[in-house]
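Asks:
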Amino acid sequence: MQHIPAELRSWLYASGSLTQQLTDLADGKFMVQPVKEHFQRLNFIDAKWMKMPYQHTSWVRESYLYGCEEQPWVKAKSIFPILSLQQRARIFKHIGTKPIGFFLFQRTNPACERRVIWLEDGWTRQSCYTWHGCKFIVQETFLQSFEQYLQKQHSAG
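Structure below.
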């Protein structure tokens, strides 16, 4: 079992907008770089978590989140079941390089269930949001470059 580094723990369990938290850490700098947007069937675990039919089609957005450095800090993946995209969450399909958090936390505090897991790329938090009756998953993997930045900040501070 991997051990969660102390400096990452607060990031993995923080509530609220990761977009805002990264922007604050990077002195106002933040950028989303979409990598891939595609349709895919829900896997069993995600379908069960969202209480959706297994193999239900979802729209997936994969992107990198950047702070004030050249290397990305977070690898993000959002999973929107088609049922949610037929409701208010349809806006997320057309946001381009805007962060999901900008819309998700605008005048609202959505219900959130959270899991923290280790994936190949690093420590990951998966959040199942219920936003205006729509359920979807936002997965954020904190990359090695982010851990290194936090360590640098900690030793300088």
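With this note's numbering applied, the sequence shown covers 1 to 157. Glycine included, C-beta positions come from ideal geometry on N, C-alpha and C.
According to DSSP, is Gly67 helix, strand or coil?
Replies: coil
Asks: From the DSSP output, in three-state form, read off Thr57 for me.
Replies: strand
Asks: Classify Gly122 as helix, strand or coil using the three-state DSSP reduction.
Replies: strand
Asks: Confirm, please, whether the CB-CB distance from Glu7 to Leu143 is below 7 angstroms.
Replies: no
Asks: Tell me which residue opens and which closes the beta strand (DSSP E) that Met52 is part of.
Replies: Segment: none, Met52 is in no beta strand (DSSP E) and carries neither H nor E.
Asks: Is the CB-CB distance between Thr58 and Val32 below 7 angstroms?
Replies: Residue 58 is actually Ser in this sequence, not Thr. Contact flag unset, no.
Asks: Tell me the DSSP bridge mates of Thr141?
Replies: Lys75, Thr124
Asks: Indicate the three-state DSSP secondary structure (helix, strand or coil) for Ala26 in the structure shown.
Replies: coil
Asks: Buried or exposed: which applies to Leu53, given that a residue is buried once 16 or more other Cβ atoms fall within 10 Å of its Cβ?
Replies: Residue 53 is actually Pro in this sequence, not Leu. Exposed: under 16 other Cβ atoms inside 10 Å.
Asks: Grab the span of the alpha helix (DSSP H) containing Arg9 for me, first residue to last.
Replies: 6-13
Asks: What is the residue span of the alpha helix (DSSP H) that Phe103 lies within?
Replies: 100-104
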